[in-house]
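Novice:
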Amino acid sequence: MRLAGPGPDLLRPALEALVPYEPGKPAELVQRELGLERVVKLASNEGPFGPFPAALEAIERSVSDGNRYPDSGAYVLREALAARHGVAFDEVVVAAGADAVIGYVCQVTLDPGDEIVTPWPSFPSYVLDPLKLAATPVRVPLRDGRVDVDALLAAVTPRTKLVYVPTVNNPTGTMITRDELRRFLEAVPAHVLTVVDEAYIEYVDDPAFPDAIEDAKARGARVLALRTFSKIYGLAAFRIGYGVGAAEVVAAIRKVQRAFDVTTPAQVAALASLDGAVEIARRRAVNRESMAELERVLRGRDFEPIEPAAANFVFVDVGTDAASLDDALLRRGVIVRPMGSFGAPTALRITAGTLDEIAFLDEQLASVLAPT
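Take the sequence shown: its letter number 255 is residue 258 in this note's numbering, and every next letter is one higher.
1) Taking only runs that begin and end inside the stretch 309–371, name each unbroken beta strand (DSSP E) of 3 or more residues, in chain order.
2) Suppose you measure from the CA of N290 to the CA of G356; what does that come to, to the nearest Å?
3) My assumption, with CB atoms under 8 Å, is that R242 sits in contact with A269. Please give the rounded CB distance.
4) Taking only three categories from DSSP, how would you classify V168?
5) Only counting the same chain, and skipping five residues up and downstream in sequence, which positions put a Cβ closer than 6 Å to that of T163?
6) Give the DSSP-derived three-state secondary structure of E40 in the structure shown.
7) Could you tell me the alpha carbon to alpha carbon distance between L332 and F306, rounded to whole angstroms?
8) Determine the DSSP secondary structure at E19, reduced to helix, strand or coil.
9) So which of L84, D102, G100, A103 has the shortest CA-CA distance to E94?
10) Note the first and the last residue of the continuous alpha helix (DSSP H) segment covering Y107.
11) Within 10 angstroms of the Cβ of A193, are there 16 or more other Cβ atoms? Answer buried if so, exposed if not.
12) Measuring only the C-alpha atoms, how far is R133 from A20?
13) Count the other CB atoms, across all protein chains shown, that sit within 10 Å of the CB of Y167; report buried if there are 16 or more and exposed otherwise.
14) Buried or exposed: where does V22 fall if 16 or more other Cβ atoms within 10 Å of its Cβ makes it buried?
15) Quick check on DSSP: helix, strand or coil for V195?
16) Hey, how far is the Cα of R81 from the Cα of A61?
17) The alpha helix (DSSP H) that contains P133, what's its start and end?
18) Hey, P213 and I179 are a contact pair by Cβ (cut 8 Å); roughly how many whole angstroms apart?
19) Comparing C-alpha positions only, which one of V150, G176, A157, A224 sits nearest to R185?
20) On a Cα-Cα basis, can you pick out the residue from T197, A46, K220 that is closest to L156?
21) Among all the DSSP beta bridges, which residues are the ones paired with L229?
22) Where does L18 land, buried or exposed, given buried means 16+ other C-beta within 10 angstroms?
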């Protein structure tokens with residue numbers, strides 16, 4: 004017997020059109036269910052390497068205090084991040100991933116009927132979190148797979164509260180330039196808060212790549228910059244990211260933020276990772292090599308990924324039903340991400356893993372695409 008359902012007026016109408024996030028199956032479960040010897044996950048833009056050694060040591064030391072609640076204000080980490088970026092302590096907020104900061108800034112700015120402007124396709128939370136609040140997402144199409152900052156500006160109205168500007172766009176992997184971001188920030192109306200998502204900043208060494216925190220300080224721009232420890236730092240499972248913005252915005256976010264939402268292991272791991280410049284440089288170099296190999300493999304199978312891809316993943320139109328190719332690869336132990344939910348049913352997003360993982364992908368593509 005099932006539990007009794009809610010009355011007709013209990014659940015908010017704004018939620019009716021939302022579809023819950025459907026995560027892919029864990030690699031271990033796929034391996035067990037399909038009886039595979041090996042499974043490689045190239046679906047979630049994770050880094051292929053785990054936490055830094057110093058972070059692992061910090062996590063291990065913290066475990067014995069697992070009976071104590073974490074520092075709800077992430078005081079030590081916020082202090083270190085403020086010093087690193089040359090901002091005030093009260094201009095930094097730490098949360099359970101940069102994704103959490105996106106949700107919180109929506110909560111503190113959006114009323115029903117307010118608008119947000121976002122490039123599309125892009126990170127789903129830019130759209131989903133406003134919809135949860137009965138706000139209206141205005142989706143601005145990409146131009147040749149790139150964020151069109153001029154089209155974003157043209158979409159702003161008096162009802163716009165937030166504009167999302169990812170410096171590397173997920174899922175297409177393309178970047179905007181420093182000049183494009185500056186042009187946007189100089190022209191965006193004063194009533195708008197620009198949320199600049201810099202999740203992949205550590206992967207990019209292009210001299211034209213922007214730094215939103217530095218630009219906001221230099222130009223007095225109204226910016227909330229998002230950073231994460233989930234990618235190159237190897238802390239995706241620990242869920243920790245942060246935002247840098249005006250003290251008033253950070254204070255408002257702190258009002259709606261759940262107490263104790265960032266665990267102690269996450270905080271100490273992030274803190275211990277801040278001195279990992281040498282390892283970040285090594286991982287960035289390895290990623291460049293892996294990305295070049297991934298693109299070579301795909302072109303060798305007559306696919307053309309969107310370029311230039313700036314971070315650790317590519318977007319490729321496979322010219323057919325991507326869901327079928329995704330399923331065929333899955334059954335051979337390669338997990339990638341089909342893009343049907345982004346309105347691109349013939350495309351896949353593939354993360355650059357290690358060279359060995361990419362070689363495994365190449366082997367399975369050869370099997371899947373072989374003439375029958």
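Just so it is clear, CB atoms sit at the ideal spot from N, CA and C, and this is done for glycine as well.
Specialist: The structure says:
1) Runs found: 316–320, 350–354.
2) Approximately 8 Å between the Cα atoms of the pair.
3) So it is a contact: roughly 6 Å between Cβ atoms.
4) strand
5) E118, V120, V195
6) coil
7) 15 Å
8) coil
9) L84
10) 101–112
11) Exposed.
12) Before going further, note that residue 133 is Pro rather than Arg in the sequence given. Their backbone Cα atoms lie some 12 Å apart in a straight line.
13) buried
14) Per the 10 Å Cβ criterion, exposed.
15) coil
16) 17 Å
17) 128–135
18) 7 Å
19) A224
20) Scanning T197, A46, K220 for the CA closest to the CA of L156 turns up T197.
21) D200, G246
22) exposed
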